[in-house]
Each structure stands twice: as structure tokens, then as C-alpha cells.
Amino acid sequence: MATLRQTPNSPAAELRTIIVTGASSGIGAYCTRALKAEGWRVFATARRPEDIAALEADGVEAFYLDYSEPDSIAALVTAVLDRTGGRLDALFNNGAYAQAGAVEDLPVAALREQFEANFFGWHDLTRRLVPVMRRQGHGRLVHCSSILGLVPVRFRGAYSASKHALEALMLCQRQELAGSGIHVSLIEPGPVKSKIASNGLPWFLRNIDHENSEHRADYAAQLERMRAGGSQSTRKPGPEVVHKELRHALLSRRPRPHYVVTMSARIGAMLKRILPASMLHRLLAKRA
83 MATLRQTPNS PAAELRTIIV TGASSGIGAY CTRALKAEGW RVFATARRPE DIAALEADGV
143 EAFYLDYSEP DSIAALVTAV LDRTGGRLDA LFNNGAYAQA GAVEDLPVAA LREQFEANFF
203 GWHDLTRRLV PVMRRQGHGR LVHCSSILGL VPVRFRGAYS ASKHALEALM LCQRQELAGS
263 GIHVSLIEPG PVKSKIASNG LPWFLRNIDH ENSEHRADYA AQLERMRAGG SQSTRKPGPE
323 VVHKELRHAL LSRRPRPHYV VTMSARIGAM LKRILPASML HRLLAKRA
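Residue numbers for the sequence shown follow the working numbering, so the first one is 83 and each next one is one higher.
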């Protein structure tokens with residue numbers, strides 16, 4: 083029976099299989115291609131046909147997946163297991179979007195959509211794969227959470243709430259799977275170069291009445307930032323920083339429960355531990 087004996091620095095000893103979701107751009111796209119280059123057999127997902135075609139052009143086995151469509155989750159699992167003979171070494175849950183807006187301006191339907199894509203769909207896919215990994219005696223479940231799942235900021239209530247929920251659910255599962263050979267890890271990036279800001283713009287415009295909100299002045303700055311593709315800081319790292327931690331979570335004998343990525347995320351996590359809550363929240367409010 084195959085086991086995950088490989089260490090992060092050892093050469094690939096055998097072809098390993100992994101599903102990477104949200105592979106159309108940013109973290110998912112980078113990690114998909116990097117893992118393939120390292121010898122993994124990667125099954126990547128996207129929603130748009132042109133993104134699936136781009137992945138296939140790079141030699142990646144690509145599939146349609148929309149976390150809000152349970153049938154697409156079931157179809158993905160069936161298709162992948164058909165190709166692997168019923169086995170899978172790892173899952174990297176990554177596909178998500180960020181619904182911006184103040185909590186008071188957030189329609190309930192928009193919050194439900196955020197959780198469907200960022201939480202319930204992730205659980206559905208994970209739950210379908212756990213029995214596969216139990217039968218083979220090993221597996222890695224890695225979830226791309228966010229520093230906002232640990233340290234929330236204003237105007238990111240929907241996204242932060244979905245990541246808080248993810249943190250709790252998957253850490254419980256980590257405990258429940260102890261001794262099974264299946265390891266669960268959460269990666270919590272701070273800001274990295276990606277399209278999450280621009281991809282979230284249509285959701286903001288559709289769901290938030292920003293022109294009539296008490297927060298319309300703040301929203302004007304938020305809109306400008308989203309239209310520019312998020313913060314343009316030259317200090318913002320690329321998705322390779324996430325790949326580095328993903329690789330450890332996949333190959334280490336003792337993968338960690340948390341991988342806080344980027345300096346700003348590590349500072350945020352540290353401040354949460356050492357500052358009084360009232361002081362922390364005042365500081366966070368100034369940064370949103």
C-alpha cells in the first residue's frame with residue numbers, strides 16, 4: 083500500500099495524485115502547474131471553458147467545478163476516481179471568491195451564496211473523498227483559508243465569516259481523523275498577487291447598494307481598489323509563497339494544522355495573540 087513517506091526535500095519517488103480547485107488564476111493556477119512540474123498528477127478545476135482549455139493546453143487534466151452546484155462536485159469525484167482506479171492522495175480546496183460589503187448592507191441571499199461557494203461546497207467535496215482516503219490508509223486534505231479567517235477586518239464580513247467557519251469545521255475534522263493516516267491542514271495567506279479582488283467586483287456591484295449606503299464614502303475607495311485588481315503594493319508576494327507551504331503540508335511526515343503565509347499575515351496573527359481585543363480591533367479598523 084502506498085504511503086506518503088516523501089519529505090519536502092526528497093525527489094519524487096512515485097506519481098502522486100491531487101485535486102486542485104480554483105485553478106483558473108492566482109494561487110490555484112500557480113500551484114497546479116508547479117505541482118505538475120514536480121511530478122504530481124494534477125486534476126485541476128475551473129468554471130469557465132476558456133480556463134479549462136488553458137489548463138489542458140499545459141497538459142493538465144482539467145474539469146468543470148462550481149462549488150454551488152452539487153452535481154458538478156459529484157461528477158468531478160466520479161471522473162477523477164475513474165481515472166485513478168479509485169484512489170487519490172490529496173485534495174487542495176482553493177476555489178473561492180470574496181463578497182465585499184459592510185455587514186448591514188449584506189443581503190441574506192448574498193451571504194448564503196458566499197457560504198455555498200466558500201464553505202458548503204468545500205465540505206461536500208471533502209466529505210466525498212474521505213472514504214477513499216480511509217480505504218487506502220492515507221491522504222492529505224489541505225484547505226486554502228485566509229488570515230481573515232483568524233483576524234477579520236471591516237467590509238469583509240461575508241468572506242471572513244466563511245473562512246472562520248472553515249477553520250472550525252476542518253480543525254474538528256483534523257482531530258477526528260487522527261490515527262487514520264489522513265492529515266488536515268489550513269493555509270492562511272495574507273495578501274498575495276491574485277485576481278480575488280477583481281473577481282469579487284461583480285458580486286459587490288450585484289449585491290451591495292453602495293450608492294445609498296451609510297458607508298458610500300468608504301465604498302468609493304473600495305471600488306477603486308477592486309477595479310485596479312486590489313492593492314498594488316510592490317511588497318505583495320506572488321502565489322509561490324503559498325505553494326511552498328502547500329508542498330510542506332502535502333509531503334511532510336508531520337504537516338502542521340496552520341500555515342500562516344506572508345509577513346503581514348504573521349504580524350496580524352501575532353497581534354491577535356498579544357494585544358487586548360479592543361486595541362486590536364481599533365488597529366484593524368484603520369487598515370480596511
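All C-beta atoms in this analysis are idealised placements derived from N, C-alpha and C, irrespective of residue type, glycine included.
### Ala105: first and last residue of the uninterrupted beta strand (DSSP E) it sits in
Your numbering for residue 105 matches position 23 in the sequence shown. Neither: Ala105 is in no beta strand (DSSP E) and is coded neither H nor E.
### Query
Looking only at C-alpha atoms, which of Ile109, Ile101, Val102 and Arg123 sits nearest to Pro321?
Looking up residue 321 in the sequence shown gives position 239. The shortest C-alpha separation from Pro321 is found at Ile109.
### Query
When you compare each of Leu333, Arg98 and Ser346 to Arg317 by their alpha carbons, which one comes out closest?
Within the sequence shown, the letter at position 235 stands for residue 317. Residue nearest to Arg317 within the set Leu333, Arg98 and Ser346 is Ser346 (criterion: CA-CA distance).
### Message
According to DSSP, simplified to helix, strand and coil, what is Val267?
### Response
Along the sequence shown, read from residue 1 onward, the residue named residue 267 stands at position 185. For the record, residue 267 in the displayed sequence is Ser; it is not Val. Three-state result, Ser267: strand.
### Task
Check Tyr149 in the structure and name its three-state DSSP category.
Translated into positions along the sequence shown, residue 149 becomes position 67. Coil, per DSSP.
### Query
Roughly how many angstroms lie between the CA atoms of Lys354 and Tyr341, to the nearest whole one?
Counting from one through the sequence shown, the residue named residue 354 turns up at place 272. Counting from one through the sequence shown, the residue named residue 341 turns up at place 259. Spanning the two alpha carbons is a distance of roughly 16 Å.
### Task
Check whether the stretch 136-156 touches the stretch 216-232, counting contact only when three or more Cβ pairs, one atom from each stretch, lie closer than 8 Å.
no
### Query
So, using beta-carbon positions, are Val159 and Arg210 closer together than 7 Å?
Taking the first residue of the sequence shown as position 1, residue 159 is located at position 77. Taking the first residue of the sequence shown as position 1, residue 210 is located at position 128. In contact: Val159 and Arg210 (Cβ atoms closer than 7 Å).
### Query
Which residues bound the beta strand (DSSP E) around Phe125?
Translated into positions along the sequence shown, residue 125 becomes position 43. Phe125 -> beta strand (DSSP E) spans Arg123 to Ala128.
### Beta-carbon proximity list for Asn281, same chain, < 6 Å, skipping 5 on both sides
Numbered from 1 along the sequence shown, position 199 holds the residue referred to as residue 281. Result list for Asn281: Tyr179, in chain order.
### Query
From the DSSP output, which residues share a beta bridge with Phe174?
As a position in the sequence shown, residue 174 is number 92, starting the count at 1. Phe174 is bridged to Val102 and Val224.
### Task
List the whole-angstrom C-beta distance separating Ala220 from Gly263, where the pair is believed to meet the contact cut-off of C-beta under 8 Å.
Here residue 220 corresponds to residue number 138 of the sequence shown, with the count starting at 1. Here residue 263 corresponds to residue number 181 of the sequence shown, with the count starting at 1. Going by the sequence as given, residue 220 is His instead of Ala. Between the beta-carbon of His220 and that of Gly263 there is about 4 Å, and that keeps the pair under the 8 Å contact cut.
### Task
May I ask you to list the residues that DSSP assigns as paired with Ala331?
Within the sequence shown, numbered from 1, the residue matching residue 331 stands at position 249. Answer is none; Ala331 lacks a bridge partner.
### Query
Would you report the Cα separation of Glu195 and Ala119, rounded to the nearest angstrom?
Mapped onto the sequence shown, residue 195 falls at position 113. Mapped onto the sequence shown, residue 119 falls at position 37. Between Glu195 and Ala119, the C-alpha separation is close to 35 Å.
### Query
Any contact of the stretch 322-337 with the stretch 243-259, i.e. 3+ C-beta pairs under 8 Å?
no
### Query
How would you label Gly121, buried or exposed, when you count the other beta carbons within 10 angstroms and need 16 or more for buried?
By one-based count along the sequence shown, residue 121 stands at place 39. Exposed, because fewer than 16 other Cβ atoms sit within 10 Å of the Cβ of Gly121.
### Query
Three or more beta-carbon pairs under 8 Å between the stretch 189-204 and the stretch 138-154, yes or no?
yes
### Query
Where does the unbroken beta strand (DSSP E) through Val343 begin, and where does it stop?
Your numbering for residue 343 matches position 261 in the sequence shown. His340 to Val343 is the extent of the beta strand (DSSP E) around Val343.
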